[in-house]
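Single-structure report; data block below.
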Amino acid sequence: MAAALAKGLVAAEFCKPAQILAGDPIEASRNSFQSATGSTVAESNSEVIAKSDVIVLAVKPQMMAEVTTELKGDIDHAKLVVSIAAGVPIATFTRTLGGDCRIVRVMPNTPCLVGAGAAAYALGGQATDDDAALVEAMFATVGIAEQVSESLLDAVTGLSGSGPAYGFEMIEALSDGGVAAGLPRETATRLAAQTLLGAAKMVLETGEHPGQLKDAVTSPGGTTIAGLRELETGGLRGVLIDTVLAASRRATELGQS
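Here the sequence shown is numbered in our numbering, starting from 1 and rising by one per residue.
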């Protein structure tokens, strides 16, 4: 996620590679990040913090306690801390880093790599209006950014944080359907991906309810209603709802572990 975000910010000209300094104790990971983003890397997280105004914590939730404990002596109220770890509440950071820590918790997703990300963020008690504006500008540069209450961030994780994987699964399944109907694989995949992209753009750009847009392309007795009937028979709506709820619950569990 860190590399996707860094590459997206550079591609959108929000910052230059030289303005990004990343730390990782594993040499192979540092080299991979540097190769992918063109940014500078360091073995020591303390070095990264000393040279940075905005600290993005992009480690697995299970590792966050260890990382913040290691860094608590290096981070003060002059630095903005942005966490993109699923499920880890702001209270965890304030307990470890101190009550005056300026913390913003963000849940982005990987399409930020191509400027089509969907992020939501919540402010800690010491975060300022300027902090909120900076974080919103950062993530809006690579997609959309929505401010929400922290209590909703696990729901965001289940929906948009994990959502790209659901989309990839649907594209693959639609492509399989196209192949089953006789299309070449490459053609089927491109058509499936572009179709979902186009449908998403129609929802965002028209402001109409997805149900209205669906009805507008569903003729009585036609091909679309025949396909929709199969989706209803297979329980697609319920499966997707349960998928989001399961991922949201898992985000909550990660924050409690």
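For every residue, glycine included, the Cβ atom is placed at its ideal position computed from N, Cα and C.
If you're wondering where the values come from, they're calculated on a predicted model, not measured in any experiment.
Per-residue burial, residue 81 [other beta carbons within 10 Å of its own, 16 or more giving buried]: For the purposes of this step, residue 81 is taken as the residue at position 81 of the sequence shown. Label assigned to residue 81: buried.
According to DSSP, residues forming a beta bridge with residue 121: Locating residue 121 in the sequence shown gives position 121, where the first residue counts as 1. 106, 147, per the DSSP bridge assignment.
Backbone CA spacing between residue 198 and residue 213 [nearest angstrom]: As a first step, residue 198 must be located in the sequence shown, where it is residue number 198. As a first step, residue 213 must be located in the sequence shown, where it is residue number 213. The straight-line gap from Cα to Cα measures roughly 12 Å.
Contact between the region 66–82 and the region 41–52 (3+ Cβ pairs under 8 Å): yes
Supposed close pair residue 107, residue 153 - CB separation, criterion 8 Å: Numbered from 1 along the sequence shown, position 107 holds the residue referred to as residue 107. Numbered from 1 along the sequence shown, position 153 holds the residue referred to as residue 153. Yes, residue 107 and residue 153 are in contact; Cβ-Cβ is about 5 Å, under 8 Å.
Same chain, Cβ closer than 7 Å to residue 127, five either side skipped, listed in chain order: Indexing the sequence shown from 1 puts residue 127 at position 127. Contacts found: 102, 103, 104.
Coarse secondary structure for residue 219, derived from DSSP in three states: By one-based count along the sequence shown, residue 219 stands at place 219. Of the three classes helix, strand and coil, the one that applies to residue 219 here is coil, per DSSP.
Distance CB(residue 156)-CB(residue 200) smaller than 8 Å: Walking along the sequence shown from the start, residue 156 turns up at place 156. Walking along the sequence shown from the start, residue 200 turns up at place 200. Not closer than 8 Å, so no.
Residue 59 versus residue 226: straight-line alpha-carbon distance, rounded: Residue numbering aside, residue 59 sits at position 59 when the sequence shown is read from its first letter. Residue numbering aside, residue 226 sits at position 226 when the sequence shown is read from its first letter. Spanning the two alpha carbons is a distance of roughly 45 Å.
Alpha-carbon spacing of residue 33 relative to residue 219, whole angstroms: Counting from 1 along the sequence shown, the entry for residue 33 is found at position 33. Counting from 1 along the sequence shown, the entry for residue 219 is found at position 219. C-alpha separation (whole angstroms): 50 Å.
Closest by C-alpha distance to residue 78, when choosing among 53, 16, 17: Counting from one through the sequence shown, the residue named residue 78 turns up at place 78. The shortest Cα separation from residue 78 among 53, 16, 17 belongs to 53.
Supposed close pair residue 142, residue 245 - CB separation, criterion 8 Å: Mapped onto the sequence shown, residue 142 falls at position 142. Mapped onto the sequence shown, residue 245 falls at position 245. Their Cβ separation, rounded to whole angstroms, is 27 Å, which puts residue 142 and residue 245 out of contact at 8 Å.
Status (buried if at least 16 other CB within 10 Å, exposed otherwise) for residue 261: Residue 261 lies beyond the stretch modelled for the chain, which goes from 1 to 257, so this question has no answer here.
Beta-carbon proximity check, residue 247 vs residue 117, cutoff 8 Å: Counted from its first residue, the sequence shown places residue 247 at position 247. Counted from its first residue, the sequence shown places residue 117 at position 117. No, the pair does not count as a contact, with Cβ atoms beyond the cut-off.
Inter-residue Cα distance where the pair is residue 87 and residue 41: As a working note, residue 87 is residue 87 in the sequence shown. As a working note, residue 41 is residue 41 in the sequence shown. Approximately 27 Å, taken between the alpha carbons.
Nearest residue (CA-CA) to residue 148, options 186, 216, 122: Here residue 148 corresponds to residue number 148 of the sequence shown, with the count starting at 1. Of 186, 216, 122, the residue nearest in Cα terms is 122.
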